[in-house]
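Residue numbering for the sequence shown follows the UniProt record's numbering, starting at 1 and increasing by one per position.
First up is the structure itself, then whatever we jot down about it.
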Amino acid sequence: MKELIRNANIDDFKRGFIWDSKKGVFVCLTCGKDIEENEEEHVMSHGNSIERLLMLEKKIIGLTDIQKEFISMISNRYDDKEIGEKLGCTESTVRNMRFSIRERARQARAFLAIIELAEENMPVETSFRIRTFPVKENKRKLLLPKFANLFEPNKEYSEAEVNKIIKNIYEDYAIIRRYLVDYDYLTRTIDGSKYYRKYEENIMDKRQLINEYKQKEVEMGIIRIYNKITGYSYVEISENLYKPFEAIKFQLNMNKLKLKYKELQEDWNKYGEEKFDFEILEKLSPKESASDKENIEELKALLNMWIENQGESLKIYN
Numbered sequence: 001m002k003e004l005i006r007n008a009n010i011d012d013f014k015r016g017f018i019w020d021s022k023k024g025v026f027v028c029l030t031c032g033k034d035i036e037e038n039e040e041e042h043v044m045s046h047g048n049s050i051e052r053l054l055m056l057e058k059k060i061i062g063l064t065d066i067q068k069e070f071i072s073m074i075s076n077r078y079d080d081k082e083i084g085e086k087l088g089c090t091e092s093t094v095r096n097m098r099f100s101i102r103e104r105a106r107q108a109r110a111f112l113a114i115i116e117l118a119e120e121n122m123p124v125e126t127s128f129r130i131r132t133f134p135v136k137e138n139k140r141k142l143l144l145p146k147f148a149n150l151f152e153p154n155k156e157y158s159e160a161e162v163n164k165i166i167k168n169i170y171e172d173y174a175i176i177r178r179y180l181v182d183y184d185y186l187t188r189t190i191d192g193s194k195y196y197r198k199y200e201e202n203i204m205d206k207r208q209l210i211n212e213y214k215q216k217e218v219e220m221g222i223i224r225i226y227n228k229i230t231g232y233s234y235v236e237i238s239e240n241l242y243k244p245f246e247a248i249k250f251q252l253n254m255n256k257l258k259l260k261y262k263e264l265q266e267d268w269n270k271y272g273e274e275k276f277d278f279e280i281l282e283k284l285s286p287k288e289s290a291s292d293k294e295n296i297e298e299l300k301a302l303l304n305m306w307i308e309n310q311g312e313s314l315k316i317y318n
């Protein structure tokens with residue numbers, strides 16, 4: 001898992017999974033499990049892209065717990081005053097933190113460009129090499145899947161990229177490339193400029209399912225996690241009510257909320273998941289003409305209204 005994370009690129013981190021060429025499967029970057037199918041649905045159970053990335057350890061993303069919380073609030077469109085109240089600092093300090101984060105991002109982009117240029121001609125690391133390609137057909141067939149697994153399904157490769165990947169295992173890349181095409185492991189465009197890894201799963205059906213999900217009306221709302229033992233509640237807004245509790249359950253099980261919601265994390269560790277109820281308290285359909293920020297503001301107002309209506313009997317985790 002550590003080796004896969006070290007080799008993950010920006011796109012891998014954004015989508016939440018990476019291709020493991022040794023096993024020929026996708027692997028979740030959050031929980032480390034092999035994903036046999038429905039990669040997008042699996043990673044969504046850990047939250048949205050930012051939530052998943054912020055769950056990763058400091059040595060991977062280089063962020064402290066305070067910085068993680070700060071970025072989480074930025075992504076949820078908290079204003080400077082709200083962030084200051086949460087972190088116990090002034091609005092001026094929050095503005096300085098925003099500037100520092102942007103500067104760090106700018107430096108990271110420049111550093112990434114330098115490293116990519118420096119590594120451009122470096123060989124790809126592989127776990128095996130072969131000196132000779134077998135003469136007998138049956139032995140060749142046994143080796144071809146190993147070569148095929150070096151290529152991620154449904155990803156576009158140029159001929160130069162294919163040659164470079166193969167050459168790190170076997171010097172005569174042309175013969176291997178030809179066999180991969182002849183035995184239908186790779187598909188080549190008519191002009192021979194692009195290659196694709198064939199996959200058993202029907203990629204078009206999968207894309208259609210993803211597009212259908214994206215086209216569904218997204219419901220926003222208020223969610224609550226209620227402690228049946230102590231009577232305390234965790235109440236928060238949710239920008240997407242599709243499986244709204246999966247991400248926070250995962251974070252609690254991984255002990256990731258000990259800073260942001262210390263008391264909730266302690267009670268979760270003490271009593272266990274079965275002692276908590278999970279409820280969707282209110283639903284709000286986003287207005288088509290409204291901006292994301294306006295919808296979030298309306299959702300926050302709905303949350304405050306709900307809390308006020310409960311009176312003094314409501315006990316909330318801070």
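Every residue, glycine too, gets a C-beta built ideally from N, C-alpha and C.
Give me the Cβ distance between Ile71 and Leu56, rounded to the nearest whole Å; I'm assuming they're in contact under 8 Å.
Going by Cβ atoms, the distance from Ile71 to Leu56 rounds to 12 Å, so no, they are not a contact pair.
Relative to the C-alpha of Lys243, which residue among Asp34, Val43, Lys14, Glu36 is closest?
Among Asp34, Val43, Lys14, Glu36, the Cα nearest to that of Lys243 is on Val43.
Burial state of Asn227, where buried means 16 or more other Cβ atoms lie within 10 Å:
Classification of Asn227: buried, given that the 10 Å Cβ count is 16 or more.
Taking DSSP as the reference, what is the three-state secondary structure of Arg102?
If DSSP states are grouped into helix, strand and coil, Arg102 belongs with the helices.
Compute the Euclidean distance between the alpha carbons of Glu239 and Ala174, then round it to the nearest angstrom.
One C-alpha to the other measures close to 51 Å.
Which listed residue (Asp20, Asn304, Ser313) has its alpha carbon closest to that of Glu152
Here the closest residue by C-alpha is Asp20.
Per DSSP, what kind of secondary structure is Gly272 in: helix, strand or coil?
In this structure, Gly272 counts as coil in the three-state DSSP scheme.
Below 7 Å CB to CB, which residues in the same chain sit around Glu51 once its five sequence neighbours on both sides are set aside?
If the five residues before and after Glu51 are omitted, its C-beta is found closer than 7 Å to the C-beta atoms of Ala247, all from its own chain and listed in chain order.
What is the DSSP secondary structure of Met55, counted as helix, strand or coil?
Here Met55 carries a helix assignment [DSSP, helix/strand/coil].
Measure the C-alpha to C-alpha separation of Lys81 and Glu91 and round it to an integer number of angstroms.
When rounded, the distance between both Cα atoms is 6 Å.
According to DSSP, is Leu314 part of a helix, a strand, or is it coil?
Coil, per DSSP.
Kindly indicate the opening and closing residues of the alpha helix (DSSP H) around Phe13.
Residues 10 to 15.
Ends of the alpha helix (DSSP H) at residue 346?
Residue coverage of the chain in this structure runs from 1 to 318, which leaves residue 346 outside it and unanswerable.
For Lys275, which residues of its own chain have a beta-carbon under 6 Å away from its beta-carbon, when the five flanking residues on both sides are left out?
Taken in chain order, the residues that qualify are Lys228, Ile229.
What does a CB cutoff of less than 6 Å around Arg224 pick up in its chain, not counting 5 residues either side in sequence?
The beta carbon of Arg224 is closer than 6 Å to those of Ser233, Val235, Glu279, Leu281 in its chain, skipping five residues each way along the sequence.
Using 10 angstroms around the beta-carbon of Leu117, count the other beta-carbons present and answer buried if the total reaches 16, otherwise exposed.
It is exposed - the Cβ of Leu117 has fewer than 16 other Cβ atoms within 10 Å.
Check whether the Cβ atoms of Leu186 and Tyr196 lie closer than 8 Å to each other.
A contact, by the Cβ cut-off of 8 Å.
Beta-carbon spacing of Ile10, Leu29 below 8 Å
With respect to Leu29, Ile10 sits apart: the two C-beta atoms are not nearer than 8 Å.
Measure the Cβ-Cβ separation of Leu264 and Tyr317 and say whether it is below 8 Å.
In contact: Leu264 and Tyr317 (Cβ atoms closer than 8 Å).
With a threshold of 8 Å, are at least 3 pairs of Cβ atoms found where one atom belongs to the segment 101 to 120 and the other to the segment 295 to 310?
Fewer than three Cβ pairs drawn from the segment 101 to 120 and the segment 295 to 310 lie within less than 8 Å of each other, which leaves the two stretches out of contact.
Which residue or residues does DSSP assign as beta-bridge partners of residue 339?
Shown here, the chain extends from 1 to 318; a query on residue 339 therefore has no answer.
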